[in-house]
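Participant: Numbering (this note's numbering), first residue to last: 9 to 508.
Built from N, CA and C at the ideal position, the CB exists for glycine as well.
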Amino acid sequence: MSDASKGLSLYNTLTRTKDDFVPIDPLNVRMYVCGPTVYDFAHIGNARPAIVFDVLFRLLRQLYGESHVTYVRNITDVDDKINARALRDFGGEIAGGKLSLNDAIRLVTEKTADQYHKDVAALGCLEPTFEPRATEFVAPRADGKADMLSLIGQLIERGHAYQAEGEVLFDTASMPDYGELSKRNLDEQQAGARIAVDAHKKNSGDFVLWKLSSPEEPGWESPWGRGRPGWHIECSAMSAAYLGEVFDIHGGGLDLIFPHHENEIAQSRCAHGTKVMANVWMHNGFLQVEGQKMSKSLGNFYSIHELLETETFGGRKWPGEVLRLAMLMTHYRQPIDFTKAKLEEAERTLQRWADLRRDASNLNWRAVANRMVDPLPSTGLIAALSDDLNLAAAISELHRLSKKAEEGDEEAAFQLLSGWSLLGFTLEGVVARADVAAVIEATEGANIQALITERLTLIAAKNWAEADRIRDELLAQGVQLKDGKDPATGERVTTWEVKR
Numbered sequence: 009m010s011d012a013s014k015g016l017s018l019y020n021t022l023t024r025t026k027d028d029f030v031p032i033d034p035l036n037v038r039m040y041v042c043g044p045t046v047y048d049f050a051h052i053g054n055a056r057p058a059i060v061f062d063v064l065f066r067l068l069r070q071l072y073g074e075s076h077v078t079y080v081r082n083i084t085d086v087d088d089k090i091n092a093r094a095l096r097d098f099g100g101e102i103a104g105g106k107l108s109l110n111d112a113i114r115l116v117t118e119k120t121a122d123q124y125h126k127d128v129a130a131l132g133c134l135e136p137t138f139e140p141r142a143t144e145f146v147a148p149r150a151d152g153k154a155d156m157l158s159l160i161g162q163l164i165e166r167g168h169a170y171q172a173e174g175e176v177l178f179d180t181a182s183m184p185d186y187g188e189l190s191k192r193n194l195d196e197q198q199a200g201a202r203i204a205v206d207a208h209k210k211n212s213g214d215f216v217l218w219k220l221s222s223p224e225e226p227g228w229e230s231p232w233g234r235g236r237p238g239w240h241i242e243c244s245a246m247s248a249a250y251l252g253e254v255f256d257i258h259g260g261g262l263d264l265i266f267p268h269h270e271n272e273i274a275q276s277r278c279a280h281g282t283k284v285m286a287n288v289w290m291h292n293g294f295l296q297v298e299g300q301k302m303s304k305s306l307g308n309f310y311s312i313h314e315l316l317e318t319e320t321f322g323g324r325k326w327p328g329e330v331l332r333l334a335m336l337m338t339h340y341r342q343p344i345d346f347t348k349a350k351l352e353e354a355e356r357t358l359q360r361w362a363d364l365r366r367d368a369s370n371l372n373w374r375a376v377a378n379r380m381v382d383p384l385p386s387t388g389l390i391a392a393l394s395d396d397l398n399l400a401a402a403i404s405e406l407h408r409l410s411k412k413a414e415e416g417d418e419e420a421a422f423q424l425l426s427g428w429s430l431l432g433f434t435l436e437g438v439v440a441r442a443d444v445a446a447v448i449e450a451t452e453g454a455n456i457q458a459l460i461t462e463r464l465t466l467i468a469a470k471n472w473a474e475a476d477r478i479r480d481e482l483l484a485q486g487v488q489l490k491d492g493k494d495p496a497t498g499e500r501v502t503t504w505e506v507k508r
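1. Looking at Leu384 and Leu393, is the spacing between their C-beta atoms short of 9 Å?
2. Taking the alpha-carbon positions, what's the Glu118 to Arg341 distance?
3. Is there contact here, the region 52 to 61 with the region 283 to 299, by at least three beta-carbon pairs under 8 Å?
4. Can you find the residues in the same chain that come closer than 8 Å, C-beta to C-beta, to Pro140, ignoring five residues on each side of it along the sequence?
5. If you drop the 5 nearest sequence neighbours on each side, which residues of the same chain put their C-beta closer than 7 Å to that of Phe309?
6. In its own chain, which residues sit with a C-beta less than 7 Å from the C-beta of Ser158, not counting the 5 before and 5 after it?
7. So, is Val381 buried or exposed, given that buried needs 16 or more other C-beta atoms within 10 angstroms?
8. Report buried or exposed for Glu499, applying the criterion of at least 16 other Cβ atoms within 10 angstroms of its Cβ.
9. How is the beta strand (DSSP E) around Lys14 delimited, first residue to last?
10. With burial defined as no fewer than 16 other Cβ atoms inside 10 Å of the residue's Cβ, what is the status of His208: buried or exposed?
11. Can you give me the start and stop residues for the alpha helix (DSSP H) that Phe422 sits inside?
12. Buried or exposed: which applies to Thr509, given that a residue is buried once 16 or more other Cβ atoms fall within 10 Å of its Cβ?
13. Leu68 by DSSP, collapsed to three states: which one?
14. Grouping DSSP H, G and I as helix and E and B as strand, with all else coil, what is Phe49?
15. Does Val297 come out as helix, strand or coil in the three-state DSSP assignment?
16. Let's test the definition: count the other Cβ atoms within 10 Å of the Cβ of Trp218 and tell me whether it reaches 16, buried, or not, exposed.
17. Decide if Glu436 is buried, meaning its Cβ has at least 16 other Cβ atoms within 10 Å, or exposed.
18. Beta-carbon within less than 8 Å of Val46's beta-carbon, same chain only, minus the 5 sequence neighbours each way: which residues are those?
19. Could you work out which residue in Ser17, Phe65, Leu430 and Gly492 is closest to Pro136 when comparing CA atoms only?
20. Mind checking which residues open and close the beta strand (DSSP E) that includes His353?
21. For Asn110, which of Gly227, Gly299, Asp494 and Leu424 has the nearest alpha-carbon?
22. Taking buried to mean at least 16 other C-beta atoms within 10 Å of its own C-beta, is Thr318 buried or exposed?
23. Assuming Leu482 contacts Ile456 (C-beta within less than 8 Å), just tell me the rounded distance between them.
24. Whole angstroms are fine: how far does the CA of Leu107 sit from the CA of Leu18?
25. For the region 172 to 179 and the region 252 to 263, state whether three or more C-beta atom pairs, one from each stretch, are separated by less than 8 Å.
26. Spatial neighbours of Glu462 within its chain, please: CB distance less than 8 Å, with the 5 preceding and 5 following residues excluded, ordered by chain position.
27. Considering only residues of the same chain and omitting the five flanking positions on each side of Leu189, which have a CB-CB separation below 7 Å?
28. Does the distance from the CB of Ile390 to the CB of Gln162 come in under 9 Å?
29. Taking the C-alpha atoms as reference points, what is the distance between Ser182 and Ser75?
30. Taking all protein chains shown into account, do 16 or more other C-beta atoms lie within 10 angstroms of the C-beta of Ser369, making it buried, or fewer, making it exposed?
31. Going by CA-CA distance only, name the one from Ala94, Arg56 and Met39 that's closest to Leu67.
32. Look up Phe138 in the DSSP assignment and say whether it is helix, strand or coil.
33. What three-state label does DSSP hand Val444 in the structure shown?
34. Give me the Cα-Cα distance between Met285 and Leu371, rounded to the nearest whole angstrom.
35. Since I believe Leu409 is in contact with Ala420 (beta carbons under 8 Å), could you give me their beta-carbon distance rounded to a whole number of angstroms?
36. Please work out which residues of its chain come closer than 8 Å, Cβ to Cβ, to Glu505, disregarding the five sequence neighbours upstream and downstream, and give them in chain order.
Below, the structure written as structure tokens:
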């Protein structure tokens with residue numbers, strides 16, 4: 009079977025067209041995605057590329073075989089903020105030779121990196137094939153894999169980089185088609201250039217490959233002095249280390265097109281003498297929260313951890329699968345408005361699926377599940393995902409299969425289970441939540457209703473303190489009350505739901 013016959017087409021930011029995907033080597037399909045800078049906990053915007061490219065990873069494994077796909081997602085643990093933290097916390101040990109720079113940075117970043125792994129696992133993301141850390145690829149390696157210092161040396165040797173005032177800079181004028189990804193040419197970049205600050209640059213758009221470190225700053229020894237790498241060179245080295253000089257797909261957020269991905273392309277192509285770095289460039293759209301740009305100043309900045317474990321958004325915690333589906337309900341290239349209403353819609357959908365999965369009236373789900381040793385998603389689902397990850401069509405196909413499964417169609421149920429699995433849904437969290445609600449309703453419902461009646465009596469008597477005490481006690485038990493009015497009589501009514 010030819011690769012084109014697999015039917016996968018992807019939108020390529022480099023060409024601005026959607027084309028058939030033809031891998032360089034169908035026995036080793038290679039994808040690189042820019043991962044987190046582990047200075048702080050990952051925010052909800054970081055969740056989107058993790059989820060989007062996890063779906064693509066799963067689809068590629070379905071089409072080409074699990075052992076024939078290599079997915080690299082890096083950890084950026086070289087950053088001036090991280091370096092400053094390492095110096096602040098472990099400067100004495102570093103100076104005294106008791107702790108290496110890499111070990112100090114590892115200690116600083118270990119907590120946030122570990123939290124990132126827990127967060128994306130809760131979102132249903134598979135582990136990448138390789139997850140290199142930037143600190144491990146600065147200096148030449150014993151295994152001969154690509155490294156940053158060697159890459160910079162190649163750029164200088166080929167006439168694409170130069171030293172100036174303690175920095176090694178990439179010479180953008182040395183690359184005639186620089187700016188091809190972002191469609192920004194060098195003339196456009198001259199506008200507004202900070203000439204006074206960047207007087208040592210040949211061109212205002214030239215960017216840092218290596219910068220010197222002061223004696224008090226962490227750094228690595230290099231032919232250009234003790235220093236540290238620029239941001240862009242890190243991904244060029246790590247992608248080449250595991251995927252080669254040219255690979256199939258490079259992904260990341262829309263905000264990375266310029267300057268990060270543009271500069272990755274420049275470094276990699278000029279160092280290796282290749283026409284491309286990656287054949288396909290994919291970018292997910294921006295995220296806003298309840299119609300506003302997410303920012304700490306607006307108070308709408310949420311980490312994945314907060315959404316999973318605290319009640320900071322919408323007054324409750326959100327299961328990872330709900331966050332995942334909410335992200336997938338908008339096409340990956342479109343901007344997404346992250347709202348409570350969207351999360352509630354995603355939760356209702358997952359709950360319907362979970363209720364169907366729990367219902368044994370029409371289907372022997374155990375027999376269906378036993379076939380999952382060899383999952384087989386429907387051709388409709390594969391076709392939808394193969395159309396540049398058309399998740400709207402994919403979810404519609406799951407709804408179609410759900411209806412047929414409700415009617416007792418065992419083959420549709422098998423394809424439904426396979427489809428859930430392909431998209432990264434187990435429904436375990438939703439089923440567990442439903443189980444808790446059912447137990448509470450069966451065992452505590454009468455008591456809860458009695459307390460609600462007592463609270464309404466207290467409210468009528470304007471005994472607010474005691475009414476609030478009952479509400480708070482129930483909330484502490486995982487039961488949230490919602491007050492409203494009967495549309496017919498106008499009388500106060502109270503409903504409750506489980507928030508455990």
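Facilitator: In brief:
1. Not in contact: Leu393 and Leu384 (Cβ atoms no closer than 9 Å).
2. It is roughly 32 Å from the alpha-carbon of Glu118 to the alpha-carbon of Arg341.
3. Segments in contact, yes.
4. Contacts found: Val80, Asn82, Ile83, Met246, Ala249 and Tyr250.
5. Contacts found: His51, Met302 and Ser303.
6. Exclusion of the five residues before and after Ser158 leaves Pro148 as the residues of its chain whose Cβ lies within less than 7 Å of its Cβ.
7. Val381 should be labelled exposed.
8. Residue environment for Glu499: exposed (fewer than 16 other C-beta atoms within 10 angstroms of its C-beta).
9. Per DSSP, Lys14 belongs to no beta strand (DSSP E) and is neither H nor E.
10. Counting Cβ neighbours within 10 Å, His208 comes out exposed, since fewer than 16 surround it.
11. From DSSP, the alpha helix (DSSP H) with Phe422 extends over Glu418 to Leu430.
12. Here the chain comprises residues numbered 9 to 508, so residue 509 is not present and cannot be evaluated.
13. The answer is helix: DSSP assigns Leu68 an H, G or I state.
14. Phe49 sits in coil when the DSSP states are folded into three classes, being neither helix nor strand.
15. Taken through DSSP and simplified to helix, strand or coil, Val297 comes out as strand.
16. Flag for Trp218 reads buried.
17. That one is exposed.
18. Excluding sequence neighbours, Val46 sits near Ile83, Thr84, Asp85, Ile90, Thr117, Thr120, Ala121 and Tyr124.
19. The closest CA to that of Pro136, considering only Ser17, Phe65, Leu430 and Gly492, is found on Phe65.
20. In the sequence as displayed, the identity of residue 353 is Glu instead of His. For Glu353, no beta strand (DSSP E) segment is defined; the enclosing uninterrupted segment is the alpha helix (DSSP H) at Lys348 to Arg366.
21. Of the listed residues, the one whose Cα sits closest to Asn110 is Gly227.
22. By the Cβ-count criterion, Thr318 is exposed, with fewer than 16 other Cβ atoms from all chains shown falling within 10 Å of its own Cβ.
23. Right, their Cβ atoms sit about 7 Å apart.
24. A direct Cα-to-Cα measurement between Leu18 and Leu107 gives close to 46 Å.
25. Touching, no, given that fewer than three Cβ pairs across the two stretches are closer than 8 Å.
26. Counting only Cβ-Cβ distances below 8 Å, and skipping sequence neighbours, we find Ile478.
27. Hits under 7 Å: Thr21, Leu22, Ile265, His269, Glu270, Ile273 and Trp289.
28. Going by C-beta atoms, Ile390 is not nearer than 9 Å to Gln162.
29. Straight through space, the alpha carbons of Ser75 and Ser182 are spaced by roughly 40 Å.
30. Exposed: under 16 other Cβ atoms inside 10 Å.
31. The option with the nearest alpha carbon to Leu67 is Met39.
32. Note: Phe138 maps to strand in three-state DSSP.
33. Any reading at Val444 must be qualified, since the residue scores a pLDDT of 42, below 50, and its modelled position is unreliable; the value itself is stated next. Secondary structure of Val444 (DSSP, three-state): helix.
34. CA-to-CA, the gap between Met285 and Leu371 works out to about 50 Å.
35. Between Leu409 and Ala420 the Cβ distance is about 5 Å, and since that is below 8 Å, they are a contact.
36. For Glu505, where only same-chain residues beyond five positions count, the Cβ hits under 8 Å are Ala445, Val487, Gln488 and Lys490.
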